[in-house]
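**Student:** I'd like to ask you about the structure that follows.
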Amino acid sequence: AAGVGCILDYAAEADETRTRSDKVSREGVTGPALAGVTNGVAGPVARTYVYTGETKCDANLAIFERCVEAVHDVSPTGFAAIKMTALGPPELLKRVSSALVQVKRLFDHFDTDGDGTLSRSEFLAGYSRFFEGNPSDGLLRGLSSKADRIDYVEWSNALRLADLAALCSKCRAPGPLSKAALTLEELEALGSMEARVGKLAAKAEDLGVRLMIDAEQTYFQPAIDNVVLGLQRKHNLKKHVIFGTYQCYLKDTPRRLCVDLARAERFGFNLGVKLVRGAYLESERARCRDLGHPDPTQPNSAATHACYAQCAEMLLDRLKKREEKDPCVELMVATHNQPSVEHVVRRMAELGLSPRSGEGVYFGQLLGMADHLTLGLGGNGYKAYKYVPYGPVGEVLPYLLRRAQENSSFLGGGQAEARMVKEEVLRRIAEGLASNPFAR
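Read left to right, the sequence shown gives residues 1332 to 1771 (the working numbering).
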């Protein structure tokens, strides 16, 4: 109604209890390491699926496929939203994330002058410092450009997860990288998970449905991002089928977004971005306190707001530059924050991005929340959407409770909505009295 589309979001959740222990088992994908996930913090987990086996993951895939089909039938221009933790072992995502983090740290160790690129001499010196023998032909080929340099985009494209074990066999001494290298068993499990999400992405592309993959905790996110970018390289060549999620309460989000924009331009795919503030702020901070890790989150809400505005502007500017061609970026502005919505609308006007001129910018709010924003946007021609929980009633209610909790800043928005309703009621009463001759 009123120009508003829908985003179907399967609402199953797990009320796992976190423990203070954050020990990671290394017994392989069939052992206790992948029987569940412990996140180092007491309290309920924010929508993490309980892993009970591959059969359950296959069942979740079937539910997600029905969700995509429902979007196609009910709202052909709509979206479906999924969680990666439903399609594979959460502990595997954690292991893959650790490996990807170590790949980035190895690049930083090689980059001795800190300019964000590796010269041939830096690469060879770094390799001889950490490894024995000669570097692989694959990495050397990546260094054979005219400038004789590679950046992190090329580095991460050349050094695959499957190559880590062979590379680490040449380590001069065991370290974080060798501990993070995946076993053959883990690589097989990763392949199964990627096959599930790949099947879902293919169905979404065939049916013309956009698929948004939600962000999760920071210890899962590098693995999720890696899968999302792989899907985008395959399915986002002509249209924006796959959307990744970027959480602006994390300090490194602008940097990650810049890197992914460079990837999209380098490898010729369209980048789909859902921009959110984030759902795991308190649990992330508590986990860092417990483990003594640096806090990855913004220091306060003002910094989060500023990060959201910075990222939105970056994406809108990129969209404007490519407007005459197929745009390389599409943006879902997923927020209940009215100043953020107004900022995006104002910036669109400054850039000459009409809400009615094809695809490009979308706005999303939860069903039953910030309706004045969604209806106002839809009524004025902007592409507005409501997140609609999908699934059995018993699973939908916990989902809605968590959504209300994670949007604590929305409490102020709820008061504002109540004030607007009161003002509208008083206005209508006043109009009624003014037009009633018996009231004079």
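In this text, a Cβ means the ideal position worked out from N, Cα and C, and glycines have one as well.
Leaving out five residues before and five after Gly1603 in sequence, what residues of the same chain have Cβ atoms less than 6 angstroms from its Cβ?
**Tutor:** Excluding sequence neighbours, Gly1603 sits near His1571, Ile1573, Phe1574, Glu1661.
**Student:** Could you give the DSSP three-state label for Lys1570: helix, strand or coil?
**Tutor:** coil
**Student:** Among the residues of its own chain, which have a CB less than 6 angstroms from the CB of His1566, if the five just before and after it don't count?
**Tutor:** Ala1532, Glu1536, Val1572, Ile1573
**Student:** Are the CB atoms of Leu1513 and Leu1495 within a distance shorter than 8 angstroms?
**Tutor:** yes
**Student:** The beta strand (DSSP E) spanning Leu1449 covers which residue range?
**Tutor:** 1448–1450
**Student:** DSSP three-state call for Glu1463: helix, strand or coil?
**Tutor:** In this structure, Glu1463 counts as coil in the three-state DSSP scheme.
**Student:** For Arg1426, which residues of its own chain have a beta-carbon under 7 angstroms away from its beta-carbon, when the five flanking residues on both sides are left out?
**Tutor:** Leu1513, Glu1517
**Student:** Am I right that Cys1398 and Gly1419 are in contact with their C-beta atoms under 8 angstroms? What's the rounded C-beta distance?
**Tutor:** So it is not a contact: roughly 18 angstroms between Cβ atoms.
**Student:** Which value, in whole angstroms, describes the spacing of the CA atoms of Thr1416 and Tyr1577?
**Tutor:** 17 angstroms
**Student:** Whose C-beta lies closer than 6 angstroms to the C-beta of Met1543 among residues of the same chain, with five residues either side of it excluded?
**Tutor:** Phe1410, Ala1412, Phe1574, Lys1605
**Student:** From the DSSP output, which residues share a beta bridge with Val1402?
**Tutor:** Looking at the DSSP assignment, Val1402 forms no beta bridge with any residue, so it has no partner.
**Student:** Against chain C, does Leu1704 count as a neighbour if the rule is that its beta carbon must be under 8 angstroms from one of theirs?
**Tutor:** No chain C appears in this structure, which consists of one protein chain only.
**Student:** Exposed or buried, which one is Ala1390 when buried takes at least 16 other CB atoms within 10 Å?
**Tutor:** Its Cβ having fewer than 16 others within 10 Å, Ala1390 is exposed.
**Student:** Considering only their Cβ atoms, is the gap separating Ser1428 from Ala1554 smaller than 8 angstroms?
**Tutor:** yes
**Student:** Below 8 angstroms, how does it come out for the stretch 1644–1655 and the stretch 1614–1628: are there three or more Cβ pairs, yes or no?
**Tutor:** no
**Student:** Tell me, which residues are paired with Ile1394 by DSSP?
**Tutor:** Answer is none; Ile1394 lacks a bridge partner.
**Student:** Gly1493: buried (16+ other C-beta within 10 angstroms of its C-beta) or exposed?
**Tutor:** Residue identity check: residue 1493 is Ala in the sequence provided, not Gly. Classification of Ala1493: exposed, given that the 10 Å Cβ count is below 16.
**Student:** For a quick check, are the C-beta atoms of Glu1615 and Thr1635 less than 8 angstroms apart?
**Tutor:** no
**Student:** How would you call Asp1442, buried or exposed, if buried means at least 16 neighbouring beta carbons within 10 angstroms?
**Tutor:** When all chains shown are included, Asp1442 counts as buried.
**Student:** Between Gln1563 and the rest of its own chain, which residues show a CB-CB distance below 6 angstroms, the 5 nearest in sequence each way excluded?
**Tutor:** Spatial neighbours of Gln1563 in its own chain (CB-CB distance under 6 angstroms, excluding positions within 5 residues in sequence) are listed in chain order as Ile1573, Phe1600.
**Student:** Can you give me the start and stop residues for the beta strand (DSSP E) that Met1663 sits inside?
**Tutor:** 1660–1665
**Student:** Please go through the stretch 1404–1451 and give each complete beta strand (DSSP E) segment of 3 or more residues, from N-terminal end onward.
**Tutor:** 1410–1413, 1448–1450
**Student:** From Lys1530 to Ala1393, what distance separates their C-alpha atoms?
**Tutor:** 10 angstroms
**Student:** Please state if the CB of Gly1722 and the CB of Tyr1458 are separated by a distance shorter than 8 angstroms.
**Tutor:** no
**Student:** When burial is assigned at 16 or more other CB atoms within 10 Å of the CB, is Ala1643 buried or exposed?
**Tutor:** buried
**Student:** By Cβ distance, which residues of its chain are closer than 6 angstroms to Lys1714, with the 5 residues on each side in sequence left out?
**Tutor:** Tyr1693, listed in sequence order.
**Student:** Closest to His1403 by C-alpha separation, out of Cys1659, Gly1384, Leu1339, would be which residue?
**Tutor:** Ranking Cys1659, Gly1384, Leu1339 by CA distance to the CA of His1403 puts Leu1339 first.
**Student:** Considering just the uninterrupted stretch of the beta strand (DSSP E) at Gly1336, what are its terminal residues?
**Tutor:** In the DSSP assignment, Gly1336 falls within the beta strand (DSSP E) that extends over 1335–1341.
**Student:** Counting only the same chain and skipping the five closest in sequence on each side, list residues whose C-beta sits under 7 angstroms from that of Val1590.
**Tutor:** Tyr1483, Val1484
**Student:** Count the other C-beta atoms from every protein chain shown that fall within 10 angstroms of the C-beta of Ala1504, then say buried if there are 16 or more, exposed otherwise.
**Tutor:** exposed
**Student:** From the DSSP output, in three-state form, read off Phe1598 for me.
**Tutor:** Helix, per DSSP.
**Student:** Between which two residues does the beta strand (DSSP E) containing Pro1720 stretch?
**Tutor:** 1714–1721
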